[in-house]
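Residue numbers (the working numbering): 767 to 909.
Each residue gets a CB set at the ideal place from its N, CA and C atoms; glycine is no exception.
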């Protein structure tokens, strides 16, 4: 695993996700919300998060679970579990609101803002956790 390249890819994905979160917040805060635009943003977010999850699991978490020392394996397993939990929350939200339509627009906006805040916090904790794990791995390989 090339540590610097992995951290760069993680940061690139998180940058794209953060930009999409910002665009979604702007769309939610419009006085006249466009349900088609919101649905498009929702599916764009689901696709991007799935791509990001596949990257993290395939190139970060799973290799660490196979090859790292016991302490790193435990931290990688914890990060992977939180990733799966966040993905489930985002997927549940997307399915619920895809079926609900626009009848409850205010509730949708409130719940989406709450989810986006939770996702933003998750991304920050995840970046810190992954960076710590990979930095430790890099130091170990250099020794």
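Tell whether a beta-carbon distance below 8 angstroms holds between residue i and residue j.
{"i": "residue 818", "j": "residue 850", "result": "no"}
{"i": "residue 838", "j": "residue 830", "result": "yes"}
Whose C-alpha, out of the options, is nearest the C-alpha of residue i?
{"i": "residue 899", "options": "883, 822, 856, 876", "result": "822"}
{"i": "residue 896", "options": "879, 860, 856, 841", "result": "841"}
{"i": "residue 775", "options": "858, 882, 824, 805", "result": "824"}
{"i": "residue 816", "options": "901, 769, 892, 779", "result": "779"}
{"i": "residue 847", "options": "832, 808, 892, 861", "result": "892"}
{"i": "residue 877", "options": "812, 802, 794, 854", "result": "794"}
{"i": "residue 796", "options": "887, 888, 901, 871", "result": "871"}
{"i": "residue 888", "options": "853, 901, 861, 789", "result": "853"}
Between residue i and residue j, how many whole angstroms is the CB-CB distance? I'm expecting something under 8 angstroms.
{"i": "residue 863", "j": "residue 874", "result": "6 angstroms"}
{"i": "residue 799", "j": "residue 882", "result": "Incorrect: roughly 15 angstroms between the Cβ atoms, too far for contact."}
{"i": "residue 885", "j": "residue 787", "result": "7 angstroms"}
For residue i, does the count of other Cβ atoms within 10 angstroms reach 16, so buried, or fall short, so exposed?
{"i": "residue 856", "result": "buried"}
{"i": "residue 908", "result": "At residue 908 the pLDDT is 47, less than 50, meaning the model places this residue with poor confidence and gives no usable figure here."}
{"i": "residue 890", "result": "exposed"}
{"i": "residue 832", "result": "exposed"}
{"i": "residue 807", "result": "buried"}
{"i": "residue 936", "result": "Past the boundaries of the shown model lies residue 936; the chain is included only from 767 to 909, so the question cannot be answered."}
{"i": "residue 718", "result": "Limits of the chain in this structure are 767 at one end and 909 at the other, which puts residue 718 out of reach."}
{"i": "residue 845", "result": "buried"}
{"i": "residue 785", "result": "exposed"}
Legend entry - Length-filtered (4 minimum) alpha helix (DSSP H) runs lying within the region 800-879: Within the region 800-879, the alpha helix (DSSP H) runs of at least 4 residues that lie entirely inside it are, in chain order, 801-821, 828-833, 836-866.
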